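Single-structure report; data block below.
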Amino acid sequence: MNSAGKHTEQQAVPMAAEEKEQEKLLREKIASLPKEPGVYQFRNDKGRVIYVGKAKNLRSRVRSYFSNPLQQSGKTQVLVTHIRDLEIIITSSEVEALILENNLIKELKPRYNINLKDDKTYPWLVITAEPFPRIFITRNRTRDRSIWFGPYTEAGQLRTILDLISSIFPVRSCRHPLTPENIASKKYKLCLDYHIHKCKGPCEGLQEEGDYLEMIGEIVRLLKGKTAGLRRDLHEKMLTAAEDLRFEEAAEIKLQLDSLKRYSERQKIVAADGADRDAVAVAIGEDEACGVVFRIREGKMLGSQHFILTNTKGESEATILGRVLETHYLKTADLMPDEVLLPELPEEEAAEALRALGREQQGEGGRQKEMRFTVPQIGEKAHLLDMCRQNARHHLAEYMVQKQKRGEAAREHSGSKALAEALHLENTPNRIECFDNSHLQGTDYVSAMVCFVMGRPLKGGYRKFKLNSFEGSDDYAAMEEAINRRYGGSLSKELPLPDLIIVDGGKGQVNTARKALDALGVSVPVIGLAKRLEEIFIPFTPDPFNLPKTSPALKLLQQLRDESHRFAISYHRTLRRKRTLQTELTAIEGIGEKTAFTLLERFGSAEGVAAATLEELAKTAGTMKAETVFNHYHSE
């Protein structure tokens with residue numbers, strides 16, 4: 001291999017390791033997701049949002065993308081290959097997650113989301129701003145003096161509410177412009193609704209405008225959730241109808257009551273007034289804090305942004321809030337809202353600076369925006385702020401977990417750097433392979449190789465070898481065969497070369513490994529680590545040396561050596577058990593591997609089986625097989 005080719009191969013190792021590390025961090029992030037409803041956003045390697053989804057249980061839903069990939073659709077399988085990171089927004093209900101998902105998809109237009117066929121928004125209920133207001137359903141939200149309620153996730157439920165209103169209140173259903181002039185001129189005639197008592201005939205002046213507007217006020221109270229009195233009245237009507245044997249009418253009122261109950265208990269993700277406002281909350285740790293900003297425009301939540309602040313120990317919540325506000329609005333000055341919801345007021349200096357920034361912006365109609373800071377205690381605004389605070393806690397907890405992981409990774413990688421310095425290596429050994437041989441009195445010789453990348457075990461790089469190219473007990477021949485099998489056979493093409501090779505042993509072992517590597521033309525550095533005194537041996541160097549007991553390099557070497565020893569012993573035991581099964585117990589006619597394995601588990605060894613009584617064998621293998629085994633060992 002030429003130097004350029006070797007350099008390319010070795011450079012590919014850290015890249016592959018980095019990808020695996022990124023994948024591991026993503027899986028750890030998924031495992032730490034809350035079991036709450038919310039919205040998740042998948043990002044690609046460029047940080048772009050490529051998919052937005054909703055979930056009743058965020059952890060379960062996101063995890064489903066990465067389990068049983070062959071059962072996923074082709075599109076989903078392609079999506080998963082591009083996921084490098086994810087973000088979530090926790091909501092207090094699945095309905096809120098549904099509405100937020102719709103808003104985010106429309107704003108972000110992620111590549112892997114389905115395009116809505118008709119691209120309609122969720123429906124609203126509107127009470128028009130005219131002399132005799134009309135009430136109807138629309139998907140076109142406009143900014144006028146009309147009163148808006150919604151949006152609603154189910155158009156059918158909204159129609160039920162409208163039917164409920166019309167069944168209780170005689171509100172007009174026509175589209176006529178009932179101006180005083182039109183009413184005075186008798187331009188319109190009474191319709192069927194008047195004759196069936198569903199309208200009082202304002203079109204012909206039979207109902208005063210004041211009386212009609214008073215009725216509209218009651219409807220607004222109902223739509224705002226003040227339904228207790230109305231529900232009591234309906235309940236009394238239902239009981240009266242039932243007592244009078246008017247069961248069909250009672251059933252209809254029961255449906256109205258159910259609709260009213262569903263309506264009053266519904267949760268919305270947006271403000272009914274359609275205002276532009278932000279909700280800002282913080283979660284504070286020991287020396288870190290996280291601020292979250294929810295953006296609400298025209299009553300709809302468009303998304304969130306979070307900031308991690310460090311060196312916050314000893315700072316008040318008001319100070320931290322001020323810093324979050326300044327950080328956010330200096331970046332997004334063109335998006336400043338009329339109102340900001342906060343858990344407490346920021347420091348006055350920060351508040352005034354933000355108000356000044358807001359006054360520089362021209363609002364609608366040429367007015368200047370005056371930013372208001374509100375600390376809600378109850379109601380919809382307080383609910384929104386609580387949801388914002390919950391997200392801040394989640395992001396801070398996630399940051400602390402990742403910080404801890406980064407610290408552990410840095411400590412592990414520091415061992416590789418310290419090792420490069422101690423051994424005077426040209427490059428940091430990002431990939432290290434370590435060998436350990438095991439045998440029992442010269443039988444069942446095995447060699448195990450473990451692989452660490454960036455200071456962490458890479459199980460996919462582990463290999464084990466059953467050694468058989470020599471007879472008797474020969475540790476040096478065993479080492480030579482293991483080196484040849486790994487770096488001279490098919491594995492030399494299957495696995496990339498390491499940056500450092502470690503053998504478990506002293507001068508003889510490391511010299512044997514070096515000779516075998518030289519014969520193969522492999523120039524990777526190799527060292528030996530002796531168990532007794534933790535001495536490090538360099539090939540063809542007379543004296544070993546020691547590293548300080550607290551050295552990160554020594555800790556990494558010990559971890560590699562111990563892991564390779566564990567792997568070798570485990571493989572050796574497996575071979576021994578298999579040999580015992582095949583040579584002693586399975587040689588007994590009528591005894592298969594399953595029965596032999598059961599007997600070995602119960603009695604520990606073939607000798608233990610031979611020493612067992614017939615009754616003991618029968619309890620483990622059954623009467624017939626017990627007699628077969630017992631007779632085999634006790635026949636004359």
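Note that full-length UniProt numbering has the sequence shown beginning at 1, numbered continuously upward. Quick reminder that beta carbons are idealized off the backbone N, C-alpha and C, glycines included. All figures in this text were calculated on a predicted structure; none of them were measured in a lab.
- For L223, the enclosing alpha helix (DSSP H) begins and ends at 209–223.
- Secondary structure of P202 (DSSP, three-state): helix.
- In the displayed model, T628 falls within a helix according to three-state DSSP.
- Rounded to whole angstroms, P133 and F66 show a C-alpha spacing of 53 Å.
- A straight-line Cα-Cα distance of about 8 Å links L557 and L529.
- The way I'd put it, the segment 415–427 doesn't touch the segment 472–490; fewer than three beta-carbon pairs between them come closer than 8 Å.
- In the DSSP annotation of this structure, the continuous segment of the alpha helix (DSSP H) that includes F603 starts and ends at 593–603.
- Counting along the chain, no alpha helix (DSSP H) covers E36, and no H or E run does either.
- Per DSSP, reduced to three states, the secondary structure at Q41 is strand.
- The alpha carbon of Q305 has as its nearest neighbour, out of N391, K254, Q72, the alpha carbon of N391.
- Distance between D244 and D193, taken at the CA atoms: about 26 Å.
- Counting only the Cα atoms, S570 lies some 29 Å from G590.
- For P343, the closest alpha carbon among the candidates L547, T312, V293, G285 is that of V293.
- The Cβ-Cβ distance between V453 and N430 falls below 8 Å.
- Residues of the same chain with a CB within less than 6 Å of the CB of L520, apart from the 5 flanking positions on each side, are Y487, G488 in chain order.
- The segment 163–180 makes contact with the segment 190–208, as at least three CB pairs between them are under 8 Å.
- Cα atoms of V62 and I30: separation of roughly 7 Å, rounded to the nearest angstrom.
- Bridge pairing for N437: S447 [DSSP].
- K549 carries a coil assignment under DSSP once its states are collapsed to helix, strand and coil.
- The alpha-carbon separation between E208 and K187 amounts to approximately 17 Å.
- Burial state of A587 is exposed, judged by a 10 Å Cβ sphere holding fewer than 16 other Cβ atoms.
- Nearest C-alpha to K381 among K507, L190, V280: V280.
- Distance from the CA of R456 to the CA of F42, rounded to the nearest whole angstrom, comes to 27 Å.
- Annotated three-state conformation of G489 is coil, per DSSP.
- Pairwise C-beta distances place the segment 391–406 in contact with the segment 21–29, as three or more of them are shorter than 8 Å.
- V126 sits in a strand when the DSSP states are folded into three classes.
- One thing to note: G205 has its Cβ within 8 Å of the Cβ of I183.
- Y476 carries a helical assignment under DSSP once its states are collapsed to helix, strand and coil.
- Counting along the chain, the unbroken alpha helix (DSSP H) around R63 starts and ends at 58–64.
- For the pair K35 and G53, the Cα-to-Cα distance works out to about 15 Å.
- Restricting attention to F603, A611, R602, G592, the CA atom closest to the CA of K625 is found in G592.
- Counting every other CB atom within 10 Å of its CB across the protein chains shown gives K466 a total below 16, marking it as exposed.
- 8 Å or more divides the Cβ of C451 from the Cβ of I502.
- C290 is bridged by DSSP to A283, I308.
- When secondary structure is reduced to three states using DSSP, K109 falls in the coil class, being assigned neither helix nor strand.
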